Amino acid sequence: MPWKGRRAAAGDEEVAPKQRKTDSNGVPSPFCFDTPDTVFHSLISPVGQEEFFTDYWEKKPLHLQRSDPGLASYYQSLFQLSDLKGLCAQGLTYARDLNVCRCVQGNKTVLNKEGRVNYSQLKKDFNQKATIQFHQPQRFKVFILQLEGEKHWRLYSPTVPLAREYCVELEECIGSPTHDIILKAGDLLYFPRGTIHQADTPVGVDHSTHLTLSTYQNTSWGDYLANVFPNFLYDSLKTSDITRRVGMPRRILMGANAAPDISRHLASLLRSVADQMERGEHELRAGDMKRDFALHRLPPYTPEKDDISSSAGKMPALEDTVCLRFKDHILVSLETCQSPTDGSVSLVVDVMHSLRNKREKHMMGQSGDDDDDDDDSGDNDDSGEEEEDAPSETPGMTFPFEDLPAIRQLQAGQPIPVSQLKRHLDNDKVQMALVLWSEGLLEVC
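Its first residue numbered 1, the sequence shown is counted upward by one per residue in UniProt numbering.
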């Protein structure tokens, strides 16, 4: 029987946009918001998704020049410099809501003040060529992309392809630009992680406004392996093979460097672990990555803005056919759980989801955080207004290991009668369905 325990600490086919919406300013939207897939399709149009991921993704920059006045008008309607004064009146806070900085001779200087943002000071900084960066503009207007004015970009080949960490390269080391681009309203520019870039507002252009969409941080094969391997190795130590449980040679830790025979032996052990992994002898448990992804992703998009986190429709019974809601927002992971009574360790099933994530809190900056690339969710509002804190735990629930086959049945995506769930007792089948239904993850279909 499932229990409410601790909170766990779509297809690739291209779909043409079916529908255009209009924003609050009456400007037709070029985006289709039916699914994440169609949003991305309309974002990179006229380039197709297959072409983009084959030719450009993590390979080379893409510059889409769009001489469509309607598209440029829509982008400009998303956010303009003239909106700045009204936003400051809403009680913006430095670092949490925005950063102000200036780059002089290659050095970045942060100009953030303490507390609330004063429009007069902000305008003064802006007139002195400062850059204003909003952490979370969707709290003020819902939009996908913006670009106002013009921006001059120079792109250079990365010194470290797909670099994981930001570093400042000396001017004389980066060579000549591979791309020298003037972005105009309606244009889109993509470049892979690690691409060295410089940007400035061209002479004669009053100002430039653009939206940066960043994605795929810490999602490389190396990140996945770093998460999966320790769990897989831990599980493999419990098998009948004692090879990896044999004690190390004495005084091995006292050596300055590992001897060649030690390195060869470790390589042999790693190969045996790889063989077990290839044979599928244990689950690939990437719980930390899944938990982080579920915690920080946006909730499902619904045009009607319904409360998606509550139970939907009738309560499931044994004779009902059920299916998961928002299947792509549900992640399942096997985790170890230690008994509070005897200390024994067993596997449990964590079902995590993003249905309760707050769109209003997504990618919120933190006070005292001046890094404009990686901002964690947080809320350090000193305004005296009460706001709901950003979640520190991933919404979800924990099931016993015996429920995993039934959960996998539901994950397959096809409607299934409750009576056919892989649990021995009918009462257990109904109880599991009720827990998922009460969490808003399951519905009678």
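By construction, the Cβ of each residue, glycine as well, lies at the ideal position given by its N, Cα and C atoms. Source: prediction; values computed, not measured.
Is residue i buried or exposed, if buried means 16 or more other CB atoms sit within 10 Å of its CB?
{"i": "Thr-219", "result": "exposed"}
{"i": "Lys-124", "result": "exposed"}
{"i": "Ser-333", "result": "buried"}
{"i": "Ile-330", "result": "buried"}
{"i": "Ser-214", "result": "exposed"}
{"i": "His-437", "result": "In the sequence on display, residue 437 carries Trp and not His. By the neighbour-count rule (16 or more Cβ atoms within 10 Å), Trp-437 is buried."}
{"i": "Phe-53", "result": "exposed"}
{"i": "Arg-164", "result": "exposed"}
{"i": "Arg-423", "result": "buried"}
{"i": "Glu-172", "result": "exposed"}
{"i": "Ala-267", "result": "exposed"}
{"i": "Met-352", "result": "buried"}
{"i": "Glu-387", "result": "Confidence in Glu-387 is poor, its pLDDT being 40 and thus under 50, which makes the residue's placement too unreliable to answer from."}
{"i": "Asp-403", "result": "buried"}
{"i": "Asp-354", "result": "The amino acid occupying residue 354 in the given sequence is Ser; Asp does not appear at that position. With 16 or more other Cβ atoms within 10 Å, it is buried."}
{"i": "Leu-162", "result": "exposed"}
{"i": "Glu-335", "result": "buried"}
{"i": "Arg-325", "result": "buried"}
{"i": "Asp-187", "result": "buried"}
{"i": "Cys-445", "result": "exposed"}
{"i": "Ser-339", "result": "exposed"}
{"i": "Asn-227", "result": "buried"}
Could you tell me the alpha carbon to alpha carbon distance between residue i and residue j, rounded to whole angstroms?
{"i": "His-265", "j": "Ile-196", "result": "41 Å"}
{"i": "Leu-78", "j": "Glu-148", "result": "9 Å"}
{"i": "Asp-307", "j": "Pro-299", "result": "11 Å"}
{"i": "Thr-93", "j": "Gly-86", "result": "14 Å"}
{"i": "Arg-116", "j": "Ser-82", "result": "19 Å"}
{"i": "Pro-137", "j": "Arg-250", "result": "Here the model assigns Pro-137 a pLDDT of 46, short of 50, so the residue's position is not dependable, and the following value carries that caveat. Cα to Cα, the separation comes out at about 59 Å."}
{"i": "Ala-412", "j": "Leu-64", "result": "38 Å"}
{"i": "Asp-68", "j": "Cys-32", "result": "17 Å"}
{"i": "Phe-232", "j": "Arg-285", "result": "7 Å"}
{"i": "Ile-44", "j": "Tyr-301", "result": "20 Å"}
{"i": "Lys-429", "j": "Leu-442", "result": "13 Å"}
{"i": "Leu-111", "j": "Arg-154", "result": "25 Å"}
{"i": "Gln-105", "j": "Arg-356", "result": "45 Å"}
{"i": "Val-246", "j": "Ile-252", "result": "14 Å"}
{"i": "Ala-95", "j": "Glu-114", "result": "9 Å"}
{"i": "Phe-40", "j": "His-296", "result": "19 Å"}
{"i": "Ser-309", "j": "Val-160", "result": "43 Å"}
{"i": "Glu-439", "j": "Asp-426", "result": "20 Å"}
{"i": "Asp-55", "j": "Ala-259", "result": "44 Å"}
{"i": "Lys-314", "j": "Leu-421", "result": "19 Å"}
{"i": "Thr-61", "j": "Ala-199", "result": "Thr is not the amino acid found at residue 61; the sequence shown has Pro there. Going from the Cα of Pro-61 to the Cα of Ala-199 covers about 15 Å."}
{"i": "Tyr-224", "j": "Phe-293", "result": "12 Å"}
{"i": "Pro-192", "j": "Tyr-156", "result": "11 Å"}
{"i": "Gln-431", "j": "Lys-358", "result": "28 Å"}
{"i": "Val-205", "j": "Lys-151", "result": "9 Å"}
{"i": "Arg-7", "j": "Leu-98", "result": "Because Arg-7 carries a pLDDT of 37, less than 50, the predicted location of this residue cannot be relied on, and no value is offered for it."}
{"i": "Phe-143", "j": "Pro-158", "result": "Here the model assigns Phe-143 a pLDDT of 30, short of 50, so the residue's position is not dependable and the matter cannot be decided."}
{"i": "Lys-327", "j": "Asp-350", "result": "15 Å"}
{"i": "Ser-176", "j": "Gly-194", "result": "16 Å"}
{"i": "His-362", "j": "Thr-201", "result": "29 Å"}
{"i": "Leu-211", "j": "Ser-263", "result": "49 Å"}
{"i": "Leu-84", "j": "Tyr-74", "result": "18 Å"}
In terms of residues, what are the limits of the beta strand (DSSP E) holding residue i?
{"i": "Ser-157", "result": "That residue, Ser-157, is in no beta strand (DSSP E); it is neither H nor E in DSSP."}
{"i": "Val-322", "result": "321-324"}
{"i": "Gln-198", "result": "196-200"}
{"i": "Leu-183", "result": "179-183"}
{"i": "Phe-399", "result": "396-400"}
{"i": "Leu-43", "result": "Looking at the DSSP string, Leu-43 is not in any beta strand (DSSP E); the run it does join, the alpha helix (DSSP H), is 36-44."}
{"i": "Tyr-190", "result": "188-190"}
{"i": "Pro-352", "result": "Residue identity differs from the one stated: residue 352 is Met in this sequence, not Pro. Taken as a continuous stretch (DSSP letters only), the beta strand (DSSP E) holding Met-352 covers 345-353."}
{"i": "Val-444", "result": "442-444"}
Output the boundary residues of the alpha helix (DSSP H) element that contains residue i.
{"i": "Leu-331", "result": "Run containing Leu-331: none in the alpha helix (DSSP H); it sits in the beta strand (DSSP E), 330-338."}
{"i": "Thr-131", "result": "Taken as a continuous stretch (DSSP letters only), Thr-131 belongs to no alpha helix (DSSP H), being part of the beta strand (DSSP E) at 131-134."}
{"i": "residue 467", "result": "The requested residue 467 does not occur in the structure, where the chain is confined to residues 1 to 445."}
{"i": "Tyr-301", "result": "No alpha helix (DSSP H) contains Tyr-301, which DSSP labels as neither H nor E."}
{"i": "Val-435", "result": "426-438"}
{"i": "Ile-407", "result": "404-411"}
{"i": "Lys-290", "result": "287-296"}
{"i": "Ser-120", "result": "119-127"}
{"i": "Thr-54", "result": "49-55"}
Within 7 Å: the Cβ of residue i and any heavy atom of the ligand GDP?
{"i": "Met-432", "result": "With respect to small molecules bound, the structure shown includes none, and the ligand GDP cannot be examined in it."}
Under 8 Å, Cβ to Cβ, is there at least one residue of chain D near residue i?
{"i": "Glu-283", "result": "No chain D is part of this structure, which consists of one protein chain only."}
- Okay, do the segment 285-295 and the segment 338-346 touch, 3+ Cβ pairs below 8 Å being the bar? no
- Entirely enclosed beta strand (DSSP E) segments - the segment 57-111, minimum 3 residues: 62-64, 98-104 and 107-110
- Query: Do the segment 268-281 and the segment 396-410 meet, that is, are 3 or more Cβ pairs less than 8 Å apart?
  - Reply: no
- Message: Quick test of the definition: if touching needs 3 or more C-beta pairs under 8 Å, does the segment 414-434 touch the segment 313-322?
- Response: yes
- Message: Any contact between the segment 172-189 and the segment 235-243? By contact I mean 3 or more CB pairs, one from each, below 8 Å.
- Response: no
- For the segment 261-275 against the segment 393-406, are there 3 or more C-beta pairs whose distance is under 8 Å? no
- Item | Continuous alpha helix (DSSP H) assignments of at least 4 residues falling wholly in the segment 207-272 | 221-236
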